[in-house]
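Worksheet: the structure to be examined is printed underneath.
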Amino acid sequence: MSEIERAGEAHGTGSTALAKPAGAVPERFENPGLPPHKHRLGDVDPQAAKRAERQVAILLILSILGSIGIIVSIIGIKYDGSFDRISASTKAIGLCMFLSLFALGVGAVHWAKTLMPDDERIDYRHRQRGTTAEREEAVAILKEGAAEAGLGRRPLIRNTLIGALALFPLPAVFFFRDTGPLPGNDLSTTMWREGTYLIKDPEGGRIRAADVQLGSVVHVMPEGIEEAEHVLNEKAEAAVLIMRLDESQLTEKQAEWGVDGTVAYSKICTHMGCPVALYEQQTHHLLCPCHQSTFDLTQDCKVIFGPAKRALPQLPIRVDDEGYLVASSGFHEAVGPSFWERG
Amino acid sequence: MSTIDKVAGGVGNFADDTVGASKVVNGFARKIFPDHWSFMLGEITLYSFVILLLTGTFLTFFYEPSAAETTYTGMYAPLAGQHVSEAYASSLRISFDVRGGLLIRQVHHWAALIFVAATIVHMIRVFFTGAFRKPREINWVIGLVLALLAVFEGFTGYSLPDDLLSGTGIRIAQAIILAVPVVGSYISYFLFGGAFPGEDFIPRFFTIHILLLPAVMLGLIVVHLALVVIHKHTQYPGPGRTEDNVVGFPLFPVYMAKAGGFFFIVFGVIALIAGLFSINPIWAYGAYDPSPVTAGSQPDWYMGWLDGAVRLTPGWFEFTLFGFTFSMNIFIPTTALILFVVVAGSLYPWIEQAATGDRREHHLLDRPRNAPTRTGLGVMALTFYVLLFISGGNDIIAHMMGLSINDITRSLRVAVFVLPALAFVITKRICLGLQRKDREKALHGRETGRIVRLPHGEFIEVHAPLTDTERWVLVQHDVHRPMEIEDRVDAGNPDSLYGKVQRRLSKFFFEDRVEPVTPAELAEAHHEHHTEIGSQEHASIEEQQQSPSISTAQTSRG
Amino acid sequence: MTRTLTALSARRRHPLAVVVLIALALLLVGGLYAALAPRSAEASTTTASADDIEAGKKLFLANCATCHGLDAQGGNVVDGSGAGPSLIGVGAASVDFQVGTGRMPLAQSAAQAPEVSKIRFSQQQIDQMGAYIASLAPGPAVPTDEELDVSGVSDEQLARGASIFRTNCAMCHNFAGKGGALTAGKYAPDLTGVSGKHIYEAMVTGPQSMPVFNNNTISPEDKTAIIAWLTQEEKRPDPGGLTLGSVGPVSEGLFAWIAGIGLLIGCSVWLGMKSS
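Protein chains in written order, with this note's numbering: chain A, 1 to 343; chain B, 344 to 901; chain C, 902 to 1177.
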């Protein structure tokens, strides 16, 4: 407290300390010290001060009105299941809250700026580093304590202590063992099996091969997915797209795994797992909306642009006796983003 | 004695008897805070954090952290009968059935965006003014850790409503974890309690979001502020401001009113935005389902730079070796990039210390122009950051401006390397140029715009001389020079590897420099033009020509 | 940056490349239509008068034949000025969509034909051209008023429509139907203000990059439900306030920086200023 001075007082003492040595030109400029304090209008004109006082009071009254407005809006705007009410309530409470808080804040700052003293004060700093005596004393204390503990003389205790301290946090890691199962080969398997029917996502219903028109795309799930134990987990791996294009545009492998130009591909991006659902039926490109990996359907869904590395896996399909699309096997490789053990 | 005085006396007495309040008042009430708008940036951060704690607490009263499936029966018809998670259903209840709930949700979300933005702006201020120098290195590191935690805190919050966008974000986060070499799939299975998405991540993220991270952040914020008190606030250079004082206004009453009032201003502004502008309309996105996705799937802005980095990294970064997959196309632009930024950012104060060899405390801030290399490096890093952020929105830009997303991505792949380097060079040149302008001004005074014709016919502009006070800001700073071998005699072996690195670093930082005007130079400049234009009194008139006394390392042109 | 982007757009609009691309693409899709246009449920059932067909043919010859050929069999690249796909079997729905939204006749080459607000033909003329094209081979018909009537859609159907939209449409057109970018400058357009009829026609015909959603992949009732949901969302104000374009977190983030940080820094500057 005693260190803090009013700038005006400090100016006198400060400027003597900073006074230029007479005669010789100094190597660097000297700090000229604080400039004299300029008075505000409110400091010299009681009218201006009175005006500022009134302004602060008006702001605080606005804040009071805002606070009352919040209460009125909450009680007054009853929710009746219509969006208009929610919209009105959000706006009304929001604006009243703005008034209540903002006017209070501006009032307080305005008060500080116009009516509280605006002459700058000086506080002195001390170096963080201790004086030589302080540092020597601290070192002496530490040395004395260390000697008393005898760590230097008893290496057995010192070494085992280091060992014990190093080891004690390690078990904490093992407490997390049951936060989840080990991955096993879970990442490499999906619900698709030989004979799993393709159903429409999200409406459900098997898909007749003949209904898939050229240039169309159908979002597909394996039949029975809604009955799975963890529906979303299964969906995250099993989502599939089927598209039909002219068989001449497909490679031999693609055509073989498809039905009359209808081919099924995993919809889960091999980059980061977003659904690669943007199918451009003219260019036959599949685009992922998350990071723009682009896959070319006519080249077995090879990556032609973007950050993905691997092609989308194809799901082999066939038609059953009634003409419905059915998987002729599961995926031949892991779907979705890469992981260490994928190989 | 009035009643108020009596009551105040009683309370004060009690507080002093029980907790020694008088010592606290004596120690803190008149602490001095310097006045500058840029010192309020950290307060915006602090206050939005407080707003987040307040509104977040309100939201927990209604939010159900559970992935259990339920059937939506609320008022939003387009979701009627849909299978949704409890988390999503309760987020919709907060929005549609709790009075003021939607507003508070929007305040919370807007405050989160502003919180991280203000953190970044505050860090920019600290960096460019050199406020991280001794003795504040540790506080800089704490701030950096806080910024990182703020991003994680924001991300875990973004994930909680369990809408389509948040689920897509989690899916990407899981892929980032999977891409960690060796242990990725294990971490993922432990974090998610099995396969993605599972039912465990919502309650777990909830605990992390409302307890773990806020507690750690609060602890670090307390230390951060305690260190500000211990070190006392930095100040901008100016007349009367020295390394040994702090000039400003006392905490009580001026800063109590200013900073206290500013809390309400920040809260008020956020309430205004939240009352008028919709954010994250979770009902329109629908519940999370791994099959649908929306065009423009983006994370909140503070994750945008990582998303952008991922978008730019080409697929061939991924490779298989010894039967294992190295997903470097994901690992490098995410985990490795974060680690690099945190490590490089944390080390920066010491890197600069090595270059300057300066172990003194600094409480006077640098004007950014007076540290051209640092300012250049900062602008370089910012340019890199902004370009990554732009990449994160490349699809929106392509759609809004009718451009090809492929062309944008390809150009940005080049730009992220070229533009930051360019930004460094340009910024450094600008800083040096501004310093030269400062020299001109310090030597010859300020331009008045008044043109005078000399007796022999020449036209010149009248320069008004500066007062000592005006000149001080232009000449007060120290300039470091590249380290010579002998500079290191007390710091260790100059021929060691560290010694060589240090000298190179020093050369990189300080080879190009403009030194401030010295009194001798000023005297000479005065002398020069007083002999030249003897007839002019009281006005320093100066030809606009290069003063020969500028001691810069390169050929300088003001 | 601005310069880079201008340069980009200039390059992208290289006339010849785009023309060739469009021509090839349109040719391809036209060929596919001709080969495998649906011939069962969606085949035109409306009987147009011979007069309409005749009038339509005249309009076609005057306005479309340059690119699509005199018999709508598709044009050949003669001088690079344009070659349209075959229109045999594309149906009246396709004509109504392409001409009714101003995409055809193609005014200038671009990554894809843009929607144009000024339509050059009256609805009657469009119908006549549609009748002519439909007379060449069966194709998807213009949806009936019943198919477009959204008044009878129940809440359950609405929810179903929204769900189908999210799986089948949102990935390109965005969750709120605001559109989004595709590859190489192509885009899925904003659905705001697009009539139910044109949305329906787009689903059954699959214009440009858009895949076809015939009545077996998305049933007519579900198509109506999707339109009902889009119409309702468009009419209802966002309960949270102004939407900043409904394009997701990018615009929200920009707004937080510009308005939020901007206002707060403004307040800080005021706070730090000396009072006069």
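Backbone N, C-alpha and C define an ideal beta-carbon position, used for all residues, glycine too. Values in this document were obtained by computation on a predicted structure and should not be read as measured data.
I need the boundaries of the alpha helix (DSSP H) containing G81 (chain A), first residue and last residue. Note, G81 (chain A): premise wrong, no alpha helix (DSSP H); not H, not E.
Kindly indicate the opening and closing residues of the beta strand (DSSP E) around D186 (chain A). It is not in any beta strand (DSSP E) - D186 (chain A) carries neither H nor E in the DSSP assignment.
Distance between N749 (chain B) and L786 (chain B) (C-alpha atoms, nearest Å): 54 Å
Taking C-alpha atoms, which residue in A:H219, A:R310 and A:F98 lies nearest to G343 (chain A)? A:R310
Taking the Cβ atom as the reference point for each residue, do P692 (chain B) and R476 (chain B) lie within a distance shorter than 9 Å? yes
Name the chain B residues whose beta carbon is nearer than 7 Å to that of N1115 (chain C)? Neighbours of N1115 (chain C) on chain B: none; closest Cβ ~20 Å, over 7 Å.
Starting from the beta carbon of Q425 (chain B), find every residue of chain C whose beta carbon is closer than 7 Å, and list them in chain order. A1060 and S1064
Own chain partners of S528 (chain B) with C-beta closer than 7 Å, once the 5 adjacent residues on each side are dropped: L521
Is DSSP giving E1102 (chain C) helix, strand or coil here? helix
Starting from V818 (chain B), follow the alpha helix (DSSP H) in both directions and report where the run begins and ends. D811 to V818
Out of curiosity, what's the CA-to-CA distance linking T472 (chain B) and P711 (chain B)? 6 Å
Alpha helix (DSSP H) containing E695 (chain B): first to last residue? L680 to T699
Going by beta carbon distance, what residues of the same chain come within less than 7 Å of F458 (chain B), once the five residues before and after it are set aside? T388, S391, F392, L395 and A493
Starting from H465 (chain B) and walking both ways along the alpha helix (DSSP H), at which residues does that stretch end? G444 to F471
Just tell me which of A:I64, A:D300 and A:Y124 has its CA closest to the CA of G258 (chain A). A:D300
Along chain A, which residues have their Cβ under 9 Å away from the Cβ of P478 (chain B)? R127, Q128 and R129
For S509 (chain B), which residues in the same chain have their Cβ closer than 6 Å to its Cβ, ignoring the five residues on either side in sequence? Y501 and S502
Indicate whether the contact test is met: 3 or more Cβ pairs, each with one atom in the segment 409-425 of chain B and one in the segment 1056-1070 of chain C, closer than 8 Å. yes
Taking a cut of 7 Å between CB atoms, which residues from the segment 265-279 of chain A lie near chain C? P275, A277, L278 and Y279
On the premise that F667 (chain B) lies in contact with E194 (chain A), defined as a C-beta separation below 8 Å, what is that separation, rounded to the nearest angstrom? The Cβ separation is near 30 Å, so there is no contact.
If the cut-off is 8 Å on Cβ atoms, which residues from the segment 430-447 of chain B count as contacting chain A, listed in chain order? S438, F439, D440, R442, G443, L445 and L446
Where G611 (chain B) and L101 (chain A) are concerned, what is the direct C-alpha to C-alpha distance, given to the nearest angstrom? 5 Å
Please check the pair G69 (chain A) and L99 (chain A), which I expect to be a contact at CB under 8 Å, by giving their CB distance rounded to whole angstroms. 7 Å
Taking E1179 (chain C) as the reference, which of C:A973, C:F961, C:C968 and C:A994 has the closest Cα? No information on residue 1179 (chain C) is available, as it lies outside the stretch 902 to 1177 that chain C covers here.
Applying the criterion that 16 or more other CB atoms from any shown protein chain within 10 Å of the CB defines a buried residue, is L1020 (chain C) buried or exposed? The question names Leu, yet the displayed sequence has Ile at residue 1020 (chain C). Exposed, by the Cβ-count rule.
Under 8 Å: does the beta carbon of L492 (chain B) sit that close to some heavy atom of the ligand MG? The ligand MG is absent from the structure shown, which contains no ligands of any kind.
Contact with chain C by M1 (chain A), beta-carbon distance below 9 Å: Here M1 (chain A) scores only 40 on pLDDT, less than 50, and its place in the model is too uncertain to base an answer on.
Residues that D1123 (chain C) contacts on chain A, provided the C-beta gap is smaller than 9 Å: E203
Any C-beta of chain B under 9 Å from that of H1221 (chain C): Because chain C is modelled from 902 through 1177, residue 1221 (chain C) falls outside the range shown and cannot be assessed.
I want to verify the contact list: residues of chain E whose CB lies under 8 Å from the CB of I86 (chain A), in sequence order. Annotation note: the requested chain E is absent from the structure, which comprises protein chains A, B and C.
Is S849 (chain B) near A698 (chain B), with beta carbons less than 9 Å apart? yes
Say whether the segment 1125-1137 of chain C touches the segment 612-620 of chain B, bearing in mind that this needs 3 or more beta-carbon pairs closer than 8 Å, one atom from each stretch. no
Sub-9 Å separation of T499 (chain B) and M1072 (chain C) beta-carbons: no
Secondary structure at H37 (chain A), three-state DSSP: helix, strand or coil? coil
Which bits of chain A does G1081 (chain C) rub up against, with CB to CB less than 9 Å? L278 and P289
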